[in-house]
């Protein structure tokens, strides 16, 4: 009986011990299972460079000169000497109005002028010999001057019948045809000066103390992504816009190849010339939020979200004005899977 009791007691002790071991192992297993897995990420160090301050924005191109050519005189179109879309130099004949009547009137005016000159010379000689009065001489002189003015007026009117390009530029579409009668001031064709273009854009009011004429701007267009144009600031608005709190600025750029067109949107990078140390991070590290931009920074084996204030773009890098330190390591891959405090594995560290 005693032997059986000892066997039962031993069996009970062994069973209890096994249950305890199993329970402990199960608890540890559950703990390990419930712990979130580390997320694999790629990181990059914050870069510190000495760069000039700049601000990037969107601008629009406008012509330096842009007009509708019209006639100061009414008349019938005798000939058209231009091709729509062609580039023409200043003074190029574009449209010729019928000048038959004016040429006849000019010829008559010149004949009258010749007669008046002859009368004046004869009267002047007679006056020297006291054979003509001063009054008669004055009358012939006045007549001569009147005839001279008539010739000048007819010549000016004749010139106005030849419509020429007032400046070099590119012509628009043709709005009239040969033989058509045109009125005074009627638009006949459009001319745009596009060898130089104005870049119109706005800067935040905080840049007003640093803004002045002659500063350089870099211009890029999505239409020609491999070309960069350099412009010079030639206009700064005298007042700040009350609604947008911005300053209107214009810069002139050369467009000798005439690739750019008026109305085109461009990316403007306005340089202020001040060089200082700036913190840069890869653009892909930035995560947009409702309240601005944030970046995940590596702290040990964990990811910590940091709100940052961004500045200008420099190639594939973005300037960080506040929120980061030079020694920080930012996460550039896998950050969209992260939460505050997520455990991470950096592929560069293993």
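Residue numbers (UniProt numbering): 1 to 350. We put the CB at the ideal spot given by N, CA and C, even for glycine.
Option in the options with minimal Cα separation from residue i
i: residue 37; options: 302, 326 and 325; result: 302
i: residue 361; options: 191, 197 and 221; result: Since the first residue shown for the chain is 1 and the last is 350, residue 361 is missing from the structure and cannot be characterised.
i: residue 185; options: 163, 208, 299 and 43; result: 163
i: residue 326; options: 46, 40 and 39; result: 46
i: residue 208; options: 222, 236, 214 and 333; result: 236
i: residue 234; options: 240, 253, 261 and 222; result: 253
i: residue 59; options: 92, 218, 332 and 328; result: 218
i: residue 176; options: 296, 82 and 149; result: 82
i: residue 277; options: 240, 243, 321 and 242; result: 321
i: residue 315; options: 42, 340, 54 and 41; result: 54
i: residue 349; options: 232, 298 and 183; result: 298
i: residue 359; options: 309, 157 and 263; result: Because the chain is modelled from 1 through 350, residue 359 falls outside the range shown and cannot be assessed.
i: residue 169; options: 211, 202, 313 and 66; result: 66
i: residue 147; options: 188, 124, 268 and 118; result: 118
i: residue 92; options: 52, 166 and 183; result: 166
i: residue 295; options: 313, 328, 113 and 100; result: 328
i: residue 268; options: 261, 340 and 57; result: 57
i: residue 271; options: 313, 304 and 141; result: 313
i: residue 88; options: 101, 39 and 194; result: 194
i: residue 362; options: 334, 189 and 141; result: In the structure as shown, the chain begins at 1 and stops at 350. Residue 362 is therefore absent and cannot be evaluated.
i: residue 225; options: 94, 124 and 266; result: 266
i: residue 247; options: 77, 210, 232 and 123; result: 210
Nearest-angstrom Cα separation, counted from residue j out to residue i
i: residue 139; j: residue 116; result: 10 angstroms
i: residue 238; j: residue 200; result: 15 angstroms
i: residue 50; j: residue 319; result: 11 angstroms
i: residue 282; j: residue 174; result: 51 angstroms
i: residue 285; j: residue 171; result: 48 angstroms
i: residue 48; j: residue 216; result: 24 angstroms
i: residue 90; j: residue 191; result: 11 angstroms
i: residue 160; j: residue 179; result: 17 angstroms
i: residue 220; j: residue 204; result: 20 angstroms
i: residue 324; j: residue 223; result: 35 angstroms
i: residue 111; j: residue 129; result: 28 angstroms
i: residue 96; j: residue 250; result: 37 angstroms
i: residue 309; j: residue 292; result: 8 angstroms
i: residue 151; j: residue 242; result: 56 angstroms
i: residue 287; j: residue 256; result: 41 angstroms
i: residue 351; j: residue 336; result: Because the chain in this structure spans residues 1 to 350, residue 351 falls outside the shown range and cannot be described.
i: residue 74; j: residue 107; result: 21 angstroms
i: residue 279; j: residue 263; result: 35 angstroms
i: residue 240; j: residue 202; result: 10 angstroms
i: residue 134; j: residue 113; result: 21 angstroms
i: residue 182; j: residue 261; result: 30 angstroms
i: residue 339; j: residue 304; result: 8 angstroms
i: residue 98; j: residue 187; result: 17 angstroms
i: residue 145; j: residue 127; result: 19 angstroms
i: residue 206; j: residue 311; result: 13 angstroms
i: residue 136; j: residue 103; result: 32 angstroms
i: residue 61; j: residue 189; result: 21 angstroms
i: residue 94; j: residue 76; result: 14 angstroms
i: residue 124; j: residue 141; result: 9 angstroms
i: residue 317; j: residue 330; result: 13 angstroms
i: residue 332; j: residue 275; result: 27 angstroms
i: residue 122; j: residue 143; result: 13 angstroms
i: residue 28; j: residue 52; result: Per-residue confidence for residue 28 stands at a pLDDT of 48, beneath the threshold of 50, marking its modelled position as unreliable; the derived number appears in the next sentence. For residue 28 and residue 52, the distance between alpha carbons rounds to 57 angstroms.
Residue burial classification, residue i (beta-carbon count within 10 angstroms, cutoff 16)
i: residue 245; result: exposed
i: residue 347; result: exposed
i: residue 300; result: exposed
i: residue 85; result: exposed
i: residue 307; result: exposed
i: residue 342; result: buried
i: residue 120; result: buried
i: residue 258; result: exposed
i: residue 229; result: buried
i: residue 213; result: exposed
i: residue 71; result: buried
i: residue 154; result: buried
i: residue 30; result: With a pLDDT of 49 at residue 30, under the threshold of 50, the modelled position of this residue cannot be trusted, and the question is left open.
i: residue 68; result: exposed
i: residue 79; result: exposed
i: residue 43; result: buried
i: residue 131; result: exposed
i: residue 109; result: buried
i: residue 101; result: exposed
Residue i CB to nearest heavy atom of the ligand HEM below 8 angstroms
i: residue 226; result: Judged by which ligands are present, the structure shown has none, so any question about the ligand HEM falls away.
Chain B contact for residue i (CB, 9 angstroms cutoff)
i: residue 196; result: This model lacks chain B altogether, as it is built from one protein chain only.
Could you name each continuous alpha helix (DSSP H) segment of 4 residues or more that falls completely within the segment 49-128, going from the start of the chain to the end? 100-128
Fully enclosed by the segment 156-200, which beta strand (DSSP E) runs are 3 residues long or longer? 162-164 and 169-174
In chain order, which beta strand (DSSP E) runs of at least 3 residues are fully inside the segment 274-335? 287-289, 292-299, 302-314, 317-322 and 329-333
Counting only runs that start and end within the segment 197-283, where is the beta strand (DSSP E) found for 3 or more residues in a row? 216-221, 224-236, 246-254 and 265-282
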